[in-house]
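Chemist: First, the structure itself, so that you have it in front of you.
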Amino acid sequence: MLKAVLFDLDGVITDTAEFHFQAWKSMANSIDIDFDREFNEGLKGISRIDSLNKILKYGGVLEKYSDNQKMALANSKNAEYVELLSELKPDAIYPGIKELLDTLKMEEIKIGLTSSSKNGPRILDKLEINHYFDTVVNPALIENGKPAPDIFLSAAEELGVKPEDCIGIEDSESGITAIKDANMFAVGVGTEEVMEKAGADLIYKHTGELEFSGLLHSFKQTIS
Numbered sequence: 038m039l040k041a042v043l044f045d046l047d048g049v050i051t052d053t054a055e056f057h058f059q060a061w062k063s064m065a066n067s068i069d070i071d072f073d074r075e076f077n078e079g080l081k082g083i084s085r086i087d088s089l090n091k092i093l094k095y096g097g098v099l100e101k102y103s104d105n106q107k108m109a110l111a112n113s114k115n116a117e118y119v120e121l122l123s124e125l126k127p128d129a130i131y132p133g134i135k136e137l138l139d140t141l142k143m144e145e146i147k148i149g150l151t152s153s154s155k156n157g158p159r160i161l162d163k164l165e166i167n168h169y170f171d172t173v174v175n176p177a178l179i180e181n182g183k184p185a186p187d188i189f190l191s192a193a194e195e196l197g198v199k200p201e202d203c204i205g206i207e208d209s210e211s212g213i214t215a216i217k218d219a220n221m222f223a224v225g226v227g228t229e230e231v232m233e234k235a236g237a238d239l240i241y242k243h244t245g246e247l248e249f250s251g252l253l254h255s256f257k258q259t260i261s
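See the structure below:
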């Protein structure tokens, strides 16, 4: 029985990827590393410190920085990102998401946020949809980030539901892998080839196609 739907944030509910790109690029440029948007795609869905390590490795200076120095770099990136978030408005919610949240509430299906972003609550507040969520998992308390299933398992525990009674919605390969490894039904939003490779159970090209009846039908077919 479907009891909860768990949402990623960036690329599913809204898109702050451009803000992340600008902030990471600014930080990287400050230490003489440059990267393009293609490289930035590999930073989606992973934690802040993991993203930083990928950038430092890309620049060939991973061993140059101590843990304290890495933390300072990550904090500088986040400070710029938070400043950019001031531009975020409720109309930045992706098509179909508000309607889906409304229906889930009406159907008494629990709703969770399973984002790697520590700024999740701030973003939900800026979008004026924080009241929909029964839990927002704090990624700082999760031992292993995506593609590990930890954040999804934590959400299920916080909501008091079994993993097999949950749907997870993601737009990244690492996110879909995490959902599947948590023994949940995985809905992928994005490129069909990428989502299929990751093992998504149901694929949509964009959020405007998301509809509760379709999700429920596919979920029931899979578990029956």
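Residue numbering for the sequence shown follows this note's numbering, starting at 38 and increasing by one per position.
Ideal Cβ positions, reconstructed from N, Cα and C, are used throughout, including at glycine.
Given a cut-off of 7 Å, decide if Ile179 and Ile166 are closer than it, judged by their beta-carbon atoms.
Modeler: Contact flag unset, no.
Chemist: Where does Gly212 sit, in a helix, a strand or coil, going by DSSP?
Modeler: Reduced to three states, the DSSP call for Gly212 is helix.
Chemist: What ranges does the beta strand (DSSP E) occupy inside the segment 107-158, keeping only unbroken runs of at least 3 residues that lie completely in it?
Modeler: DSSP runs (the beta strand (DSSP E)) wholly in the segment 107-158: 147-150.
Chemist: With respect to the alpha helix (DSSP H) encompassing Tyr102, which residues constitute its N-terminal and C-terminal limits?
Modeler: Element bounds for Tyr102: n/a, residue is neither H nor E.
Chemist: Determine, using beta carbons only, whether Pro186 and Ala215 come nearer to each other than 7 Å.
Modeler: The answer is yes: Cβ separation under 7 Å.
Chemist: Measure the alpha-carbon distance for Ile92 versus Leu190 and round it to whole angstroms.
Modeler: Computed Cα separation, rounded: 29 Å.
Chemist: Use the C-beta contact count for His57: other C-beta atoms within 10 angstroms, 16 or more gives buried, fewer gives exposed.
Modeler: Buried is the call here.
Chemist: Measure the alpha-carbon distance for Leu122 versus Gly212 and round it to whole angstroms.
Modeler: Their backbone Cα atoms lie some 23 Å apart in a straight line.
Chemist: Are Lys107 and Leu89 touching if we call contact CB-CB under 7 Å?
Modeler: Taking 7 Å as the Cβ cut-off, Lys107 and Leu89 qualify as a contacting pair.
Chemist: Is the beta carbon of Gly149 sitting closer than 7 Å to the one on Leu46?
Modeler: Their beta carbons are not under 7 Å apart, which means Gly149 does not touch Leu46 by this criterion.
Chemist: Between Leu39 and Ile240, how many whole angstroms is the CB-CB distance? I'm expecting something under 8 Å.
Modeler: About 18 Å; that fails the 8 Å criterion.
Chemist: Kindly list the residues whose CB is nearer than 8 Å to the CB of Glu75, restricted to its own chain and excluding five residues on each side of it in sequence; keep chain order.
Modeler: So no residue of the chain qualifies.
Chemist: For the beta strand (DSSP E) containing Val226, name the first residue and the last one.
Modeler: 222-226 is the extent of the beta strand (DSSP E) around Val226.
Chemist: For Gly205, does the three-state DSSP call read helix, strand or coil?
Modeler: Correct three-state label for Gly205: strand.
Chemist: Give the single residue among Gln59, Lys234, Asp162, Lys183 whose Cα lies nearest to the Cα of Thr51.
Modeler: Thr51 has its Cα closest to that of Asp162, out of Gln59, Lys234, Asp162, Lys183.
Chemist: When you compare only the Cα positions, how much space is there between Gly133 and Leu80?
Modeler: Rounded to the nearest angstrom, the two C-alpha atoms are 25 Å apart.
Chemist: Output needed for Leu99: all residues of its chain with C-beta closer than 8 Å, excluding positions within five of it in sequence on either side, in chain order.
Modeler: So the qualifying residues of the chain are Asn90, Leu93.
Chemist: Within the continuous alpha helix (DSSP H) that includes Ala41, where are the two ends?
Modeler: From DSSP, Ala41 is part of no alpha helix (DSSP H) but of the beta strand (DSSP E) over 41-44.
Chemist: Tell me Tyr241's beta-bridge partners as DSSP assigns them.
Modeler: Tyr241 is bridged to Val226.
Chemist: So the alpha helix (DSSP H) Glu254 belongs to, where does it begin and stop?
Modeler: For the sequence presented, residue 254 should be read as His rather than Glu. That run of the alpha helix (DSSP H) goes 249-260.
Chemist: Exposed or buried, Ile206, counting other C-beta atoms within 10 Å across all chains shown (16 or more means buried)?
Modeler: Under this definition Ile206 is a buried residue.
Chemist: Measure the C-alpha to C-alpha separation of Glu194 and Leu43 and round it to an integer number of angstroms.
Modeler: Cα to Cα, Glu194 sits roughly 12 Å from Leu43.
Chemist: Could you check what DSSP says for Asp47 in three-state terms: helix, strand or coil?
Modeler: Reduced to three states, the DSSP call for Asp47 is strand.
Chemist: Using DSSP's beta-bridge definition, name the partner residues of Thr172.
Modeler: Bridge partners of Thr172: Gly149.
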